[in-house]
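Numbering (the working numbering), first residue to last: 85 to 205.
So this is what it looks like as structure tokens:
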């Protein structure tokens, strides 16, 4: 059974590119363009990993990540944050931090490697 990845980004072009890339790599994916329903989507889709942009329209991916990590029902889910404007490498050890971080623009193989590392952990 293929692993499931929930992708959260407010840029439809990024969602489309990541969707094609991850489907081609054998993953099942669900995309979200806003974070308001993320917990409902996690419950319904039951992803193995969440890939999320930091800068979302009207929301902050770091706050959503913190909410996911501080919730007993979702804290086990690996979260990879993606950002072109923030360097989150130093914050990876803080409470509510993502499991990993990828800076934009990113190399496709680098991103796939990060995903595989988190799914294998």
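From the three backbone atoms N, C-alpha and C, an ideal C-beta is built for every residue, glycine too.
Original post:
Quick one: Cα of residue 187 to Cα of residue 97, how far?
Top reply: Position 103 of the chain shown holds residue 187. Position 13 of the chain shown holds residue 97. If I take the Cα positions, the gap works out to 17 Å.
Original post:
Counting along the chain, where does the beta strand (DSSP E) carrying residue 97 start and finish?
Top reply: Looking up residue 97 in the chain shown gives position 13. Premise fails: residue 97 lies in the alpha helix (DSSP H), 96–108, not in any beta strand (DSSP E).
**OP:** Take residue 180 and list the residues in its own chain whose beta-carbon comes closer than 6 Å to its own, dropping the five residues that flank it on each side.
**Re:** As a first step, residue 180 is located in the chain shown; it is residue number 96 there, counting from the start. Sequence-distant Cβ neighbours of residue 180 in its own chain, meaning closer than 6 Å and more than five residues away, are 150, 153 and 154.
**OP:** Could you name the residues that DSSP lists as bridge partners for residue 187?
**Re:** Counting from 1 along the chain shown, the entry for residue 187 is found at position 103. Partner(s): 167.
Subject >> Buried or exposed by the 16-neighbour rule on C-beta atoms within 10 Å, applied to residue 156 >> reply: For the purposes of this step, residue 156 is identified with residue 72 of the chain shown, where counting begins at 1. Exposed, by the Cβ-count rule.
**OP:** Note down, in chain order, each residue of its chain lying with its Cβ closer than 6 Å to the Cβ of residue 145, except the 5 sequence neighbours on either side.
**Re:** For the purposes of this step, residue 145 is identified with residue 61 of the chain shown, where counting begins at 1. Listed in chain order, the non-local C-beta contacts of residue 145 below 6 Å within the same chain comprise 136, 137, 138 and 165, local neighbours out to five positions each way being set aside.
Original post:
Who are the near neighbours of residue 109 in its chain, counting only those whose CB is closer than 7 Å to its CB and skipping five residues on each side?
Top reply: Here residue 109 refers to the residue found at position 25 when the chain shown is read from its first residue. Hits under 7 Å: 196.
**OP:** Determine the burial state of residue 127: buried for a count of at least 16 other Cβ atoms within 10 Å of its Cβ, exposed for fewer.
**Re:** On the chain shown, position 43 is the one that residue 127 refers to. By the beta-carbon neighbour count (other beta carbons within 10 angstroms, threshold 16), residue 127 is exposed.
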